[in-house]
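Protein chains in written order, with my numbering: chain H, 25 to 701; chain A, 105 to 833. All C-beta atoms in this analysis are idealised placements derived from N, C-alpha and C, irrespective of residue type, glycine included.
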Amino acid sequence: MDPKSRSVDPAAQQMLSLACEQGLQTAWDRYDDMQPQCGFGELGICCSVCYMGPCRIDPFGEGASVGICGADAHLIVARNMARAVAAGAAAHSDHGREVVEVLQMVAEKGGASGYQISDPAKLRRLAVEWGIVVDGRPEKDIIGDLAREMRSQFGSQDGPLRPTFRAPKRQKEQWEAIGIMPRGIDREIVELMHRTHHGVESDPIALLRASMRVALADGWGGSMIATDVSDVLFGGPQAIRSRANLGVLEEKKVNLLVHGHEPVLSEIIVRVSRDPEMLAAARDAGAEGINIAGICCTANEILMRQGMPVAGNYLHQELALLTGAVDLMVVDVQCVLPSLPQIAACRHTRVVSTSAKARIPGAEAVEFDPKNPFITAREIVKRAIDAYKRRDPARVNIPKESMELVAGFTTENLPTYMGGRFRSSYRPLNDAIAAGRIRGVVGIVGCNTTRFVQDEHHLALVRRLIAQDVLVVKTGCSAIASAKAGFMHPRTALEHVGPGLREVCETVGIPPVIHMGSCVDNSRILTACIAMVTEGGIGGDLSELPVAAVAPEAMSEKAITIGLYAVASGVFTVFMPIPKVAGSSVVRTYLEQDVEKETGGKFLFTNDVEVAAQGVMEHLAKKRKSLKLSPMLYESGAPAGDNAASRPAVAFEEPKGVTALGCGETQRRSQSRPPVE
Amino acid sequence: MSRIIATAAIRGAHACVARAEKMLSETEERHGRDKAIGFEATAYALPVTLALLGKRVMRLGDLDEVLQEIRRWLPPIPDSDIWLPYLGGALDAGAATLIAHETVEALKPLNGHDLVYDYWLGPTADGILREQGIKLVDGRMPGFAACVGALPDDETAERLARDLQEKNILVFMGSNTNGETMAGQLHRRGVDMNWETFLVPYGPDTSSIIHALGFACRAAMTFGGLHPGGLKEARDILMYNKRRVFAFVLALGDVDDEKYATAAGAINFGFPVIADTDIPQILPTGICTYEHVVSNVPYKEMPSRAIEVRGLKITSLDIPIPVRHGPAFEGERVRKEDLAIEFGSKYTRAYEYLKSRRMDEVEDERIRVIGPEIGDVKEAAQLPLAIFVEVAGRKMQVDFESILERHIHSFLSEPMGVMHLGQRDTVWLRISKKARDAGFRIEHLGVMLLHKLKNDFPAIVDKVQVTLFTNKEDVDQLYDEAVAAYRRRDERMGAMTDESVDVFYSCALCQSYAPNHVCIITPQRLGLCGAYNWLDGKAAHEINPHGGNQPVAKKELLDPVKGKWKGINEFLEVATNGQFQSFSAYSMIDDPMTSCGCFECVACVLPGTGGIMVVDREYRGNTPVGMNFSSLAEITGGGQQTPGFVGIGTLYVLSKKFITGDGGLPRLVWTTTNIKQRLGEKLRQRCAEMGLPDLFDKIADETVCTDLEPLIEHLAAVNHPALGMGEMI
């Protein structure tokens with residue numbers, strides 16, 4: 025096993041070497057064990073919807089061309105994809121509902137102790153947007169009305185979904201034209217699941233359009249509501265400094281990792297960890313303090329609002345436990361590996377599950393009660409302190425890598441950073457795009473996947489794009505990948521930036537790669553695009569803007585849902601790896617070509633990061649040309665070297681692998697052993 | 105790299121705010137919190153503070169809250185390694201600096217430091233602002249330059265000033281470079297510095313440059329009709345400046361933290377910074393229309409670079425005369441000791457006479473001097489002069505003669521070193537030694553007229569021929585014809601009434617500054633700026649059919665007393681986007697005309713007298729309604745209809761249609777001595793015509809009283825007719 029073939033992150037490489045040395049299994053090992061993966065599944069042409077099945081279509085045309093019910097490859101691929109989209113939308117939207125319920129409790133007497141409104145200005149702004157009377161009313165009433173109104177969006181039977189009022193006119197017209205203007209979020213998901221049931225919808229294109237409707241209900245519904253309400257409850261983020269990578273774990277402190285997605289508990293844990301009583305308990309246990317760090321999107325939530333350090337992205341979750349320095353990992357929902365308790369069992373680490381929706385065999389369950397969040401949070405912090413006492417310093421291996429970063433950008437604060445309190449606007453950004461300083465804005469988002477070397481595609485794309493004067497906005501695990509590699513460090517990242525973008529970054533004082541939050545916060549990218557349209561001059565609707573989206577290392581069903589709502593909203597979207605659609609020419613042709621006529625957006629499916637980068641550049645060129653924007657000020661840009669793809673932005677020290685961790689010859693030999701055939 | 109600028113600006117802002125705080129607490133200790141504070145002759149308190157915070161600072165204590173607020177705007181100094189976004193913070197710091205500067209300037213007089221001394225002019229009065237505003241409106245002044253610091257030597261300073269003057273850019277000067285000031289340098293070179301010459305020295309401290317921004321803020325509030333209030337209003341005022349006031353900062357010499365901070369404040373207005381030193385540049389656009397900071401610009405290129413960076417539109421006219429020329433040189437006086445040659449005044453006969461001819465009677469571009477030239481006579485000689493201009497054009501009309509002739513004054517004032525006063529046969533013209541030494545001859549007066557007439561009136565002037573007579577015989581010979589023409593024109597104008605024409609002219613020349621306002625000019629009511637009468641409107645429409653002056657058909661007469669016509673009302677509704685449906689030409693009570701900001705006078709109802717007063721913008725004192733001109737103007741201007749208040753041109757008082765809908769001239773109970781002097785005999789005549797020969801002397805002025813009670817007593821004592829006419833409202 026060459027750790028470099030698994031991750032470009034030196035910290036991950038060290039931990040992978042350690043795992044190998046100690047015979048511990050990680051996702052990568054399980055990925056290897058899984059090879060070869062099912063070819064039918066990969067092409068999306070295996071159907072297990074009904075109990076006559078499973079059926080599979082022969083991609084070479086020699087065997088069955090239809091399933092037992094008569095469904096062909098196109099229907100099967102579309103149906104599988106539709107179900108993935110429904111699951112992804114369900115995940116984001118359930119997250120949204122969760123925070124809305126907390127908001128509602130704030131309004132209700134005696135409920136939700138500990139939660140309060142942290143951003144009253146945004147509350148009022150939202151209330152006005154949602155048509156709620158604000159003048160002269162007590163805040164509690166406004167909150168109550170807003171929460172009820174938002175909550176009703178999930179169960180509503182009628183459309184259109186409220187937050188779509190934010191969409192530019194053209195998008196709404198297009199959605200109406202092909203019948204994908206979303207109604208209530210739950211209704212859309214239910215209807216799509218119904219249509220994928222045995223013997224219902226048999227038109228693959230109709231299914232794909234229905235999937236877009238669900239995806240829109242996510243992007244413009246569940247996700248957008250989740251972002252807005254989280255800002256109201258926990259504060260609209262402001263630009264903030266922090267650090268990322270496993271090196272943020274502290275040898276002399278209680279290390280408590282929060283992992284998952286929802287901010288409702290993690291925010292309280294952060295507050296409790298600053299409680300003098302808890303700090304005293306930690307000191308009594310011999311620790312110098314309590315260090316809360318995050319993994320995955322929970323990390324992004326508390327990074328954006330509290331500046332808490334980030335231990336890593338999706339594929340770091342097991343590696344973090346391998347350091348032996350994590351005393352407790354608390355998890356809620358989404359992207360939590362069921363393998364965590366097994367890895368934790370090899371250390372002193374405790375894994376605590378908190379969601380009633382996500383129990384993990386082998387983990388301790390402390391069910392989170394939003395009515396008494398402090399009780400849950402205190403209990404968890406106490407358990408972490410307890411665990412610290414059992415930490416074995418001899419088994420602690422914390423990689424030293426951690427990179428400084430600046431995060432905390434939002435649709436609301438970006439214009440203020442560009443213009444101050446008086447001249448706050450998107451004009452400087454639009455001007456920079458129109459004048460050819462910035463080629464366009466590309467959202468690079470999404471997960472890690474064992475199919476690709478961890479972070480490699482994220483970093484390759486960032487390097488390629490910022491060198492060509494493309495401003496990159498980021499969320500989720502992709503953002504963490506960039507942060508770890510130094511692309512969110514305002515000074516060092518500039519070394520890799522094209523001259524036009526560099527001028528803008530230096531003028532405003534921002535890094536070339538902008539962290540906008542967790543994966544539900546992709547809605548921030550939507551609203552930022554709306555703001556760019558509103559400011560004017562670079563496109564009259566979302567599909568005319570010189571923007572694109574890329575999910576370079578997609579893993580979860582949420583990723584395809586996000587990709588699809590981007591496409592439905594008019595955005596060119598690159599999705600990697602090819603998401604189980606290769607078995608149907610009809611589905612691919614629709615999603616990669618024909619849909620553009622209906623929504624203005626389309627997919628590019630590829631496994632090749634070079635194709636992805638070129639696709640984005642060509643798309644931006646096309647949009648700039650049709651808008652008749654100025655030619656780029658610096659056309660040559662900064663040269664992107666041949667090895668740019670895998671080169672991290674900042675020269676890390678060369679990882680010394682096992683030697684760095686003090687391992688012996690045995691391990692070196694075991695690593696050089698060829699894989700067993 | 106702009107982090108260096110942002111860091112310096114933020115650091116500077118902290119220092120400036122701290123200084124203002126210290127100065128305030130010391131001043132409060134000395135004078136108490138109730139001590140009144142403010143700049144002279146303005147209705148806008150501390151104008152920048154008013155614009156940005158919506159707060160009228162009247163007393164020292166008010167500043168406590170102001171300084172507390174701006175301290176909150178100050179961001180921390182950016183980290184040198186992992187910095188957070190600093191542009192927005194630097195702009196906020198700049199805004200805070202401006203308010204701190206204004207505080208310091210306002211506190212200076214209370215601490216024994218006058219703002220006006222030597223050649224320093226201190227803050228600008230509202231009256232001057234309104235007067236200069238017209239120049240901004242009609243394009244005579246494309247923008248202003250705030251010059252911060254000093255040049256390396258006096259000569260360079262003069263050259264820069266002249267370059268800017270030549271482009272008609274208003275020059276504000278403030279601050280210093282190591283104690284040296286640009287104004288000081290110009291003073292040593294003997295350059296005239298005042299509002300007439302477009303060279304305005306504010307003060308030697310960096311804080312004094314705030315008066316330039318106070319001018320900008322007031323331009324938005326005066327001409328733009330913008331009202332200060334909260335953040336949105338402040339933003340509107342700043343955006344007005346970005347879009348309409350073409351100003352920029354010239355950073356001369358070393359730029360210290362305080363200057364950076366001040367510049368950051370100016371950038372909030374969309375005013376870019378052009379520096380002569382090698383400071384970091386900020387090229388991306390967005391806050392300003394083009395680049396924000398451009399550096400290392402050689403002095404020679406500064407004006408042209410600034411024009412490019414600010415996006416000024418300057419149509420400079422290349423006239424082959426050996427001296428610089430432009431409206432900025434209009435205000436220059438040629439003193440006796442600088443005199444090379446002189447015409448007119450009480451010494452000799454001098455007049456100007458413009459005549460329209462048939463196309464074949466004019467030899468285009470022919471300029472003749474008949475009589476002695478400048479080199480033929482001894483220094484400081486006094487000669488007679490007849491400036492005889494013959495023009496021909498397919499669209500030329502006899503009615504336009506007087507309009508073109510009236511422009512001779514401004515055209516001949518423009519060459520540097522030429523002084524022209526008066527009009528018709530009251531001309532007084534001087535040419536300075538400097539101009540003569542540079543090669544300027546009498547002939548060049550003709551060159552100037554030729555080019556300006558053809559350039560400014562291309563649609564009506566096709567051919568121009570100028571003859572300059574400097575010998576007595578010829579001058580005397582032509583004189584009778586000229587005087588006859590003057591008389592004929594006066595009679596024609598006098599005979600022209602609102603009833604005798606079918607169309608009036610709209611005037612929206614100020615709409616770039618006062619977007620809500622439109623004037624209707626009738627033969628008997630000239631524009632409120634005093635600069636445009638009905639014939640001007642007609643000519644202007646002829647010159648540019650799509651311009652600011654449009655003919656408006658009167659159509660059906662709706663109200664002969666108040667002066668309302670169907671066609672006028674229809675036009676008005678369209679022109680004001682439905683905001684107004686009706687105008688009265690002869691009433692200031694019922695649907696009075698709106699006012700922009702550049703009116704010559706305000707007419708205002710005086711309750712309890714049955715009359716009105718007319719106040720001119722030069723008058724700085726109090727009036728019987730308890731307000732000075734500035735405060736009155738604030739109520740009147742901004743394109744609103746305010747019954748009882750109206751902006752008028754001074755000459756309207758003489759019109760036979762002067763507020764006839766409300767009772768006419770007998771309503772006039774109080775005015776200023778300025779106006780009495782200006783209208784003088786004509787007003788007496790007008791009174792006599794109306795059968796009230798003693799009315800003139802019954803009209804009170806500031807020498808009689810400036811309060812309402814004594815005015816009423818005075819009116820009763822002289823038996824003023826207004827008292828018997830009943831209240832107007």
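- Around P452/H, the beta-carbon contacts reaching into chain A at under 9 Å are L191, P388, T389, G390 and I391.
- Contact with chain H is absent for S449/A, since none of that chain's Cβ atoms lies less than 9 Å from the residue's Cβ.
- Judged by DSSP secondary structure, W532/A falls within the beta strand (DSSP E) whose first and last residues are W532 to S536.
- Taking 8 Å as the upper bound on Cβ-Cβ separation, chain H lies near residues L335, A338, R339 and L342 of the region 331–342 of chain A.
- DSSP, read as helix, strand or coil, puts W154/H in coil.
- Annotation: the continuous beta strand (DSSP E) that includes W774/A extends over L772 to T775.
- A Cβ-Cβ separation of about 6 Å places V252/A in contact with V353/A under the 8 Å criterion.
- In this structure, the alpha-carbon of I293/H lies about 13 Å from that of D393/H.
- Taking a cut-off of 8 Å for Cβ pairs, the region 614–632 of chain H and the region 532–542 of chain H do not touch, as fewer than three such pairs fall below it.
- Neighbours of R107/A in chain H, taken as residues whose beta carbon is under 7 Å from its own, are E530 and G533 in chain order.
- One alpha carbon belongs to Y589/H, the other to S654/H, and they sit about 30 Å apart.
- Interface annotation for the region 454–485 of chain H against chain A: D455, A456, A459 and R461, criterion Cβ-Cβ distance under 7 Å.
- In this structure the region 128–139 of chain A lies against the region 158–168 of chain A, because at least three pairs of beta carbons, one per stretch, are closer than 8 Å.
- If you draw a 10 Å sphere on the C-beta of L352/H, you find 16 or more other C-beta atoms in it, and that means buried.
- In this structure, V709/A sits near F749/A, with a CB-CB distance shorter than 9 Å.
- Note on P227/A: 16 or more other CB atoms within 10 angstroms of its CB, so buried under the neighbour-count rule.
- Residue state for F800/A is assigned as helix, using DSSP reduced to three classes.
- G784/A sits exposed, since fewer than 16 C-beta atoms from the chains shown fall within 10 Å of its C-beta.
- In the structure shown, the three-state DSSP call for I186/A is coil.
- Where P300/H is concerned, the enclosing alpha helix (DSSP H) starts and stops at P300 to D308.
- Listed in chain order, the non-local C-beta contacts of T111/A below 7 Å within the same chain comprise I181 and P182, local neighbours out to five positions each way being set aside.
- Using a Cβ distance threshold of 9 Å, V390/H and P452/H do not count as a contacting pair.
- Look at the region 425–437 of chain H: the residues with a C-beta under 9 Å from a C-beta of chain A are E428, L429, V430, G432, F433 and N437.
- For A110/A, the C-beta contacts it makes with chain H under 8 Å involve G533, in order along the chain.
- Between L150/H and L257/H a beta carbon distance of about 12 Å is seen, past the 8 Å cut, so the two are scored as non-contacting.
- Within chain H, G443, G444, F446 and R447 have C-beta atoms less than 9 Å from the C-beta of N372/A, given in sequence order.
- Between I313/A and the set D695/A, Y364/A and M343/A, the nearest pair of CA atoms involves Y364/A.
- Within chain A, no residue has its beta carbon less than 7 Å from that of E659/H; the closest one is some 17 Å off.
- For F373/A, there is no enclosing beta strand (DSSP E), as DSSP marks it with neither H nor E.
- Interface annotation, R265/H: in contact with chain A, CB-CB separation under 9 Å.
- Secondary structure at M600/A: coil, using DSSP grouped into helix, strand and coil.
- The DSSP-derived three-state label of P83/H is coil.
- In this structure, the CA atom of A241/H is about 12 Å from the CA atom of E215/H.
- Look at C320/H here: in three-state DSSP terms it is helix.
- S699/A and E337/A have their C-alpha atoms spaced approximately 21 Å apart.
- Between T558/H and chain A, the shortest Cβ-Cβ separation is not below 9 Å.
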